[in-house]
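**Q** Residue numbers (the numbering used here), protein chains in the order written: chain A, 58 to 358; chain B, 9 to 294.
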Amino acid sequence: MNSVWTKKNKKLKLESDSGWGYGFIAVALIAFSLFTAYPVINAFIISLQEYRPLGSTYVGLENFKNTFSDSLFWKALKNTLVYTLLTVPVNIFLSFLIAILILPFRKKTQTFFKAVYYLPAVASGVALSVVWLWIFDPLKSGIANQIVGFFGGSNQNWLGSSATAMFSLVLMSWLSSHGTAIIIYLAALLGIDNSYYEAAEIDGATFLQKLWYIVVPFLKPTTLFLLVTGVIGSFQVFQNAYLMTGGGPDHATTMVGLLIFNNAFTYFEFGEAAAQSLLLAAIIAVISFIQFKFLGNDVEY
Amino acid sequence: MGLYNSEMKSKGQLFVRNGLIIAFLVLFAAATIFPIYFMIISSFGDPVEAGAMSYSIFPSKISFESYSFFFKFSPHSWDWLLNSLIVAGCVTVSNVFFATLAGYSFAKMNFRGKNILFAILLGSMMIPGQVTQVPLYILIVNVFELQNTYTALIMPSIVTVYNIFLVKQFMSSIPKEVIEAAKIEGCSQPKIFWHIIMPLSKTVMAVLSILTFMAAWNDFFWPFLVTNTMDMQTIQVGLKNFRFANTTYFAPMMAGATISAVPMFILFFALQRYFLEGVTVGAVKG
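(1) Is A:Ala85 near B:Phe201, with beta carbons less than 8 Å apart?
(2) Answer yes or no: does any C-beta atom of chain B fall closer than 8 Å to that of A:Ile200?
(3) Pull up the distance between the alpha-carbon of A:Phe130 and that of A:Trp191, whole angstroms please.
(4) For B:Trp225, count neighbouring Cβ atoms within 10 angstroms of its own Cβ and tell me buried if that reaches 16, exposed if not.
(5) Between B:Leu288 and chain A, is any beta-carbon pair separated by less than 8 Å?
(6) At a Cβ threshold of 8 Å, is A:Trp191 touching chain B?
(7) Please report how far the alpha carbon of A:Lys122 lies from the alpha carbon of A:Leu216, in whole angstroms.
(8) I'd like the span of the alpha helix (DSSP H) that includes B:Gly97, first residue to last.
(9) Using a C-beta cutoff of 8 Å, does B:Ala39 count as contacting chain A?
(10) By alpha-carbon positions, which one of A:Val288, A:Gly287, A:Val285 and A:Tyr254 ends up nearest to A:Val273?
(11) In chain A, what lies closer than 8 Å to B:Thr211 by C-beta?
(12) Below 8 Å between beta carbons is the criterion; list the residues of the stretch 111 to 124 of chain B that meet it against any residue of chain A, in chain order.
(13) What is the DSSP secondary structure of A:Tyr108, counted as helix, strand or coil?
(14) Would you report the Cα separation of B:Ile192 and B:Ala115, rounded to the nearest angstrom?
(15) Within 10 angstroms of its Cβ, does A:Tyr358 collect 16 or more other Cβ (buried), or is it exposed?
(16) Is it true that the CB of A:Val147 sits closer than 8 Å to the CB of A:Val288?
(17) Determine the DSSP secondary structure at A:Thr114, reduced to helix, strand or coil.
(18) Give a yes or no on whether the C-beta atoms belonging to A:Gly401 and B:Gln138 are separated by under 8 Å.
(19) Run down chain B in chain order and give the residues with a C-beta less than 7 Å from the C-beta of A:Val84.
(20) With DSSP collapsed to three states, give me the class of B:Tyr12.
(21) Whole angstroms is fine: what's the gap from A:Ser233's alpha carbon to A:Tyr79's?
(22) Going by other Cβ atoms of all chains shown within 10 Å of its Cβ, with 16 needed for buried, is A:Gly117 buried or exposed?
(23) Against B:Tyr158, what residues of chain A qualify as contacts under a CB-to-CB distance less than 8 Å, listed in chain order?
(24) Give a yes or no on whether the minimum CB-CB distance between B:Ile29 and chain A is below 8 Å.
(25) Give a yes or no on contact between the stretch 212 to 228 of chain A and the stretch 160 to 174 of chain A, applying the rule of three or more CB pairs nearer than 8 Å.
(26) On a Cα-Cα basis, can you pick out the residue from A:Gln293, A:Thr302, A:Ile82 and A:Leu265 that is closest to B:Phe119?
(27) Cα separation between B:Met179 and B:Ala214?
(28) Apart from the five residues on each side of it in sequence, which residues of its chain come closer than 7 Å, Cβ to Cβ, to A:Phe170?
(29) State yes or no: is the beta carbon of A:Glu255 nearer than 8 Å to at least one beta carbon in chain B?
(30) If you draw a straight line from the alpha carbon of A:Gly210 to that of B:Phe36, how long is it in whole angstroms?
(31) Only counting the same chain, and skipping five residues up and downstream in sequence, which positions put a Cβ closer than 7 Å to that of A:Phe89?
(32) Going by the beta-carbon positions, is the gap between A:Leu105 and A:Tyr115 smaller than 8 Å?
(33) Give me the chain B residues within the contact set of A:Gln296, using Cβ-Cβ distance strictly less than 8 Å, ordered along the chain.
(34) Can you tell me where the alpha helix (DSSP H) with A:Gly328 in it begins and where it stops?
(35) Which word fits A:Gln293, buried or exposed, when buried means at least 16 other C-beta atoms lie within 10 angstroms of its C-beta?
(36) Would a C-beta distance cut-off of 8 Å place B:Trp88 and B:Pro164 closer than the cut-off?
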C-alpha cells in the first residue's frame, strides 16, 4: 500500500502505531467478538442441537432435515421470493424514474423532494405499520377501500384475505421505501460529466437515447448496489408482516424471517430457528454471488 | 442539466414539460407522505371507538384528548420515551466515539493483522441478522442474565461494524502528511486523534450520530425481546403493546404512533443536510 514510504519510515511507523492501533480498535473488537463472531459460531452449534436452557442434546442434522421436510418453510421461502420480486425491481425502477425527473430542477427543489421522499424512512416501522393497518381497514370507510371504491372497485378485505394480504404489504413497500434509493441515484446522476451529454447532443441524440446509452451504463454500479442490498434486505424483512398480519391469513405472508422469529421466540425451538437462519444466510449468499457474477462483470469498485 | 435537451425548446414547451414533471412528482410525493399526514391529522380526533366514526382526510377539530388517552393507558408511558432516549443516546455516544476511534485506526494506522481484521469485519456485514439473533438472545438473557436491563438494550449495539466502515471510508480522504507532521513534532496517537482527527471528522461524526440515533430509536425487535416489564420498554415496544390492548381506539393509536415518530421528524428537519448526506456516504464511492 504505502510504497512511497522508505524502509526506515515504515519501521518507525510500525513501532509507534502498534500499541495504539490495537488500543483504538480494542472496544470494537471485543464488541464484535462477543456480539457478532461468537453468536455466529454459536448458531452453527445450536443448529445441531435440541436446545434446552439446561443441557442441550446433540441431534446432528435433525433440525435441517425437519426444515427441508417442513412445507411451511418452503411456503415461507416462496413468499419471501414473491415479495422480493415484487418490491425490489419496482422500487429501483420508481427511484430511477423519480431521480431522473428531479434532475432538471434547481437545487432547492431537488432538496425539497428528496426530503419528502425520505420522510417515511425516518418514521419508525411500528408507527408506519399502525397507520397502514388503519389504511387497510376492511370496512367500507377504510381509506384504501374508499380509494378503490372511487374507481369503481369492490370492497377488499386487504390484510384479512390470503389473496390480497401479500399485495397489501407490497403496496406499502412501494409507497414507503424508495427515499434512500432516490437520493443515491440522484447523487450518482449529478456525478455524470456534462461533456458526455454535449458530445451526444452534437451527434443528434434524443433524450431517450442519452438516457439509454449514457445514463443507464453510468448508473450500472449504483443499480447493482441497490439491487444487491435491496435483495439482501428484502430477504430478511418481516417487521411489517409480524406487526400487521402476523404471517397470516393461512400463512400467506409468512416470510422466512418471520418463520425463524416465530420458531425461536414463540415456540422456543432455538435449534430449528438456528438451522433455518443458516439456510437463509446461505441462500442470500448464493443470490448475491449470482447477481455479482452475471451483472457485475464490467462493474469496478 | 445536460441530460435534458437544451435547444429546440420554446419557453412554452419548457413550461409545459416542467409543469407535467412537477405534477407527477407532487402526486407521488403526496402518496408517499399521505400515511404520515393521515397519522398526524387523525391523532387530533376524539378517543372514541372506531366503530362509531368514519375516517376523514381533513381535520374536523383539534383536540389533544387522544394524546392524554395514550399517556393514561399505562403509568409507564413516559418511561417508554425516557427509555428510548436513554438507550438511543448511549448507543449514539458510544458509537460515535468507538467507531471514530476504530475507523481512524483502520484507515490511518499501521499494525499487524489490520487488513485481515478489517476484512473479517466487512465480511460479517453480509451475515443476516437472523443468524445472530437467537445466539445473541441466549447470550444476553440466559448466560449473562441481563434481561430487562439497560445494559441488555445498549451493549449489543455499542459499536456497529457499519459505522466503523463509514468512518474508515471518510478518513481515507484525510491526507496522511497531516498525521506524519504531527508525529514528527512528537505528538502521541491519542493527542493526534483528539486534536487533529476529531476536528477534521466533524461531518462524518454528525452523520454517524444521526443515523445511529435514528436506528436505535426506531429499533423494535431487540427491545421487544429483552424487556418483559412495562417500565423497561422503549416507545416502539410500548406502542405495539398499546395497539394490541386497544385494537379499536383509532385516534389514540395514531397519537401513540405520532409520539413515537415525531422526535425523529423534528431531528430530520433540523439536521436534514446530515441525514441526506448520510444516505450517500456509504453507497457512492467518493
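Don't be surprised by glycine CBs; every beta carbon is placed ideally from N, CA and C.
These figures come from a predicted structure and were not determined experimentally.
**A** To lay it out plainly:
(1) no
(2) yes
(3) 30 Å
(4) buried
(5) The identity of residue 288 of chain B in the sequence shown is Thr, whereas the question assumes Leu. Chain A contact via Cβ: present.
(6) yes
(7) 32 Å
(8) Ser85 to Lys116
(9) yes
(10) A:Tyr254
(11) Within chain A, no residue comes near B:Thr211; the closest Cβ sits about 15 Å away, beyond 8 Å.
(12) Tyr112, Ser113, Phe114, Met117, Asn118, Phe119, Arg120 and Lys122
(13) coil
(14) 19 Å
(15) Any reading at A:Tyr358 is ruled out, since the residue's pLDDT is 43, under 50, leaving its predicted position unreliable.
(16) no
(17) strand
(18) This structure cannot settle anything about residue 401 of chain A, because the visible part of chain A is limited to 58 through 358.
(19) Phe106 and Val167
(20) coil
(21) 42 Å
(22) exposed
(23) Here the premise fails: no neighbours, minimum Cβ distance about 16 Å.
(24) yes
(25) no
(26) A:Ile82
(27) 14 Å
(28) Ile159
(29) yes
(30) 21 Å
(31) none
(32) yes
(33) Phe228 and Phe229
(34) Phe327 to Leu352
(35) buried
(36) no
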